[in-house]
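Numbering of the sequence shown is given in our numbering, commencing with residue 74 and proceeding in unit increments.
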Amino acid sequence: MAKYRKLGRTSDQRKALLRSQVTGLLYRGKIVTTEAKAKEIRKIAEGIIALGIKEKDNFDTVTVTAKVARKDKDGKRVKEVVDGKKVTVYDEVQKEIKKDQPSRLHARRQMLKVFYPVTEVPAAAAGKKKNTKKIDMPAKVFDEIAPKYADRKGGYTRIVKIGQRKGDGAMEVVLELI
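Below is the structure:
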C-alpha cells in the first residue's frame, strides 16, 4: 500500500497543491475540496498544529532598544537640515520582543517549508497595494491555533461530506479546524 495519494499529479504539482491547501486551511479555518485531497491535507495540517502545540511557550521575552523615525501628524517622517542636507530624525524606543528558543526556531522553519506567503488585503482597497499586510503564518499557529488545541491529544481537523461534484462526480468535503 502506498504511503500517500498521488492525486493524478507530478510530484512538484502535488506538493504545490498541498502547500496552498494547508496554508488556506490554517489561515481561514475551513476549505472545500475533494475527499482524497482532504485526507492528504489533514495529515500535513495536523502535524503542523502538533508542532505548534509542542513549541508554543518555548520563547524568551527580551527588551531591546530600537531607532524609530519620528513622524508628524500626517504620518510622514520629520526631517531637519544638517550641513545643508535633509536628514530624518530618529528616536530611541524600548521594545519587548519574543526571542525563539532553538527548538521553536527549528519548528518555525519547518512550518515555513510548508506555508506559502499570505498577504491580507482590506476589502475597501481591493486590488491596491496600500494598506496590505503580510501574515506571519507560524506566529498565527503558535499564538492563535496552538493554544486553542493545547488540551487535545490529536484530531484537530474534521472532514464533513457535502455531496458529489456535478462535473466529474468527485465526492466534495469541507475540511475544517474543530
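Think of the CB as a built atom: it goes at the ideal place given N, C-alpha and C, for glycine as much as any other residue.
Boundaries of the beta strand (DSSP E) in which residue i is found, first to last residue
| i | result |
| --- | --- |
| L178 | Where L178 is concerned, there is no enclosing beta strand (DSSP E), although the alpha helix (DSSP H) it sits in stretches over 175-187. |
| A19 | Nothing can be reported for residue 19: it is not among the residues displayed for the chain, which extend from 74 to 251. |
| K207 | 206-208 |
Beta-carbon proximity check, residue i vs residue j, cutoff 8 Å
| i | j | result |
| --- | --- | --- |
| Q167 | T136 | yes |
| A142 | T161 | yes |
| S252 | E128 | What is shown of the chain runs 74 to 251, which leaves residue 252 out entirely. |
| L124 | Q183 | yes |
| Q174 | D209 | no |
| I235 | E245 | yes |
| V151 | K144 | yes |
| R78 | E113 | yes |
| T96 | F188 | yes |
Length of the line joining the Cα atoms of residue i and residue j
| i | j | result |
| --- | --- | --- |
| N92 | I251 | At residue 92 the sequence reads Arg, which differs from the Asn that was named. Whole-angstrom Cα-Cα distance: 20 Å. |
| Y100 | G157 | 50 Å |
| V191 | G102 | 14 Å |
| K203 | K146 | 19 Å |
| K76 | K116 | 11 Å |
| K221 | L90 | 27 Å |
| Q94 | I104 | 8 Å |
| A196 | K186 | 29 Å |
Per-residue DSSP class, three states only, for residue i
| i | result |
| --- | --- |
| V214 | helix |
| K103 | strand |
| G81 | coil |
| R238 | coil |
| T230 | strand |
| V95 | helix |
| K221 | helix |
| G76 | Residue identity differs from the one stated: residue 76 is Lys in this sequence, not Gly. K76: coil per DSSP, three-state reduction. |
| K88 | helix |
Delimiting residues of the alpha helix (DSSP H) encompassing residue i
| i | result |
| --- | --- |
| T192 | Taken as a continuous stretch (DSSP letters only), T192 belongs to no alpha helix (DSSP H), being part of the beta strand (DSSP E) at 191-193. |
| K116 | 108-128 |
One or two residues paired with residue i in a DSSP bridge
| i | result |
| --- | --- |
| I164 | Going by the sequence as given, residue 164 is Asp instead of Ile. Its beta-bridge partners are V141. |
| V247 | V105, V233 |
| R150 | K144 |
| K172 | D133 |
| K159 | V154 |
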